[in-house]
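Input: a single structure, listed below in structure tokens.
Rendered as structure tokens:
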């Protein structure tokens, strides 16, 4: 996937961020994501897909006010389902592009032919989404 053993991932420019589906698509994951993006804006170079693991989680996101946080930060909530986890619909990472994903598999092409995926926690995915590069959330300045 264009990486060598020992390469540092922190600071790598990212094109896509994906959180959700059945792995890390729980309400706890979206709460964690919201805790980082609240009061911040999505980086201009990032396309982000937020996909709840179920309609129950989607309803919880809305009832807890997380959707407002996501929308104010420039994120869009998608319908529950597989989405970019396995490039099942139009949510595909283009060839040569790099995604940070909370899914559970990262072999080349999983999220679209020729795509590259780095697996991350919801907190790292959120920090990456607001900075535009792989970011340790502990390094973000408090708001």
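In the working numbering, the protein residues as written are 6 to 148. Note that CB positions come from ideal geometry on N, CA and C, so glycine has one too. On a predicted model such as this, the values are computed, not experimentally measured, just so you know.
Distance, residue j Cα to residue i Cα
i	j	result
residue 74	residue 40	9 Å
residue 12	residue 101	18 Å
residue 55	residue 49	16 Å
residue 147	residue 51	21 Å
residue 132	residue 60	25 Å
residue 29	residue 58	8 Å
residue 43	residue 78	7 Å
residue 135	residue 45	7 Å
residue 72	residue 139	24 Å
Spatially closest choice to residue i from the options, by CA coordinates
i	options	result
residue 35	14, 52 and 70	70
residue 107	48, 16 and 33	33
residue 67	137, 84 and 132	84
residue 31	65, 144, 134 and 19	65
residue 21	8, 123, 37 and 63	123
residue 129	10, 7, 9 and 23	23
residue 8	81, 82, 121 and 47	121
Segment limits, beta strand (DSSP E) that includes residue i
i	result
residue 105	103–106
Residue interval of the alpha helix (DSSP H) (run including residue i)
i	result
residue 139	That residue, residue 139, is in no alpha helix (DSSP H); it is neither H nor E in DSSP.
residue 72	71–77
residue 31	Where residue 31 is concerned, there is no enclosing alpha helix (DSSP H), given that its DSSP letter is neither H nor E.
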